[in-house]
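So for the sequence shown, the working numbering puts the first residue at 186; every next one is plus one. Ideal placement from N, C-alpha and C gives every residue a C-beta, glycine not left out. One structure below.
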Amino acid sequence: KELVAGTTLYLPIHVDGALFSVGDGHGVQGDGEVCVTAIETGLIGTFELHLREDMHLTWPMAETPTHVMTMAFDPDLDDCVVIALRSMIDLIVARTGITKAEAYALCSLAADLRITQVVNGNKGVHVMLDKSLLQKAQR
Numbered sequence: 186k187e188l189v190a191g192t193t194l195y196l197p198i199h200v201d202g203a204l205f206s207v208g209d210g211h212g213v214q215g216d217g218e219v220c221v222t223a224i225e226t227g228l229i230g231t232f233e234l235h236l237r238e239d240m241h242l243t244w245p246m247a248e249t250p251t252h253v254m255t256m257a258f259d260p261d262l263d264d265c266v267v268i269a270l271r272s273m274i275d276l277i278v279a280r281t282g283i284t285k286a287e288a289y290a291l292c293s294l295a296a297d298l299r300i301t302q303v304v305n306g307n308k309g310v311h312v313m314l315d316k317s318l319l320q321k322a323q324r
């Protein structure tokens, strides 16, 4: 829903020689996929892959044309919230130079915390923040 054309998706690599595949295209899905399926569809697109040795990710993150997004997946939804929120706080601190406490407050004021999915054993949460706020918060 949020990973639209022009989005950069950052994926952590946990093993040397990792491969990449894409599938399970959804034409329509609400936040918090709750049933067995969304509207499944074929996908046609172009993907550019770059190895970013300067980034050390534990969890996926993305940058859409308008927002930065952190993500977490875990069987415990509360753990997903903590992981995704901490990742967003770290992203804000890295890009703006503000303190963790200030970044935490900014998240409370302006970040959108959304349920990605609850359809299977792993739950998902994503946190979105308008990119314009990163420029306004810079020190």
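Spatial neighbours of residue i in its chain, beta-carbon cut-off 6 Å, leaving aside the 5 residues before and after
i, result
"Thr226", "Gly210 and Gly212"
"Leu262", "Lys308"
"Thr192", "Ala247 and Thr249"
"Ala257", "Trp244, Cys265, Ile268, Ala269 and Val310"
Buried versus exposed, by CB contacts within 10 Å (16 or more), residue i
i, result
"Thr255", "buried"
"Val200", "exposed"
"Lys308", "buried"
"Ala290", "exposed"
"Ala269", "buried"
Coarse secondary structure for residue i, derived from DSSP in three states
i, result
"Ile224", "strand"
"Gln320", "helix"
"Lys308", "strand"
"Ala247", "strand"
"Leu294", "helix"
"Gln174", "For the chain, the structure presents residues 186 to 324; residue 174 sits outside this window and is missing."
"Arg299", "strand"
"Leu188", "coil"
"Met313", "strand"
"Thr193", "strand"
"His252", "strand"
Beta-carbon proximity list for residue i, same chain, < 8 Å, skipping 5 on both sides
i, result
"Asp216", "Lys186, Arg299, Ile300 and Thr301"
"Ile224", "His211, Gly212, Val213 and Gln214"
Residues of its chain near residue i, where Cβ-Cβ distance is below 7 Å and the 5 sequence neighbours each way are ignored
i, result
"Cys220", "Val304"
Is the region 191-199 close to the region 231-243, with three or more CB pairs under 8 Å? Enough Cβ pairs lie closer than 8 Å, so yes.
Enumerated in chain order, which unbroken segments of the alpha helix (DSSP H) with a length of 4 residues or greater are wholly contained in the region 254-292? The region 254-292 contains these whole alpha helix (DSSP H) runs: 262-281.
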